[in-house]
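What follows is a short report on a single structure.
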Amino acid sequence: MIAHSEWKHDEVFEAVAESGKTIVFDADAEHTHGPSPVEAVLMALCSCTSVDVVGILKKKRQPLTGLRVTALAARAETFPRVFTHIMLTYAVRGQLSRKAVEDAVALSKNKYCSISKMLEKAATIEYQIVYVDGEPLP
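Shown next, in the form of structure tokens:
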């Protein structure tokens, strides 16, 4: 896997993946042009575990109709300001077996999500599952 980042102007950088896909990062406090690199790591964690959970629930033939993963993270006060604690909230919708959902989330955290496994070397990662029926996902 190969990627590069190019400084565009001010605190704006364009990152390019081997696939040619790009993300604009903005390290300025207002993040006008895109997320900061650290925000993108948290976003990637949410997406990585979401991919796992959806895939596992599909394999278990669970009728998932909605999933939102939200991360609340704390960072160290001193540099490098790594994440020290991350709370993931999985809001799921559908007529689902609670055991299937709990198993899917645990498998993602403990086995499949490479981003989670990398981050847990510095941060405690915890999670909770919220079952939502007929309501918009929080």
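In my numbering, the protein residues as written are 737 to 874.
C-beta: ideal position from N, C-alpha, C; glycine also.
This one's a predicted model, so the numbers in the text were calculated from it and none came from an experiment.
- Annotation note: the segment 739-804 contains the following uninterrupted beta strand (DSSP E) runs of length 3 or greater, listed N- to C-terminal: 739-745, 748-753, 758-762.
- In this structure, DSSP gives E862 an extended state, which the three-state scheme calls strand.
- According to DSSP, V818 shares a beta bridge with no other residue.
- Per DSSP, reduced to three states, the secondary structure at M823 is strand.
- Of Y863, A840, S783, R829, the smallest CA-CA separation from K796 is found for A840.
- Rounded to the nearest whole angstrom, the CA to CA distance from A842 to I865 is 11 Å.
- Straight-line measurement puts the Cα of S852 at about 20 Å from the Cα of A739.
- If the five residues before and after W743 are omitted, its C-beta is found closer than 6 Å to the C-beta atoms of F749, all from its own chain and listed in chain order.
- The C-alpha of E775 is placed about 10 Å away from the C-alpha of L781.
- By the beta-carbon neighbour count (other beta carbons within 10 angstroms, threshold 16), Q798 is buried.
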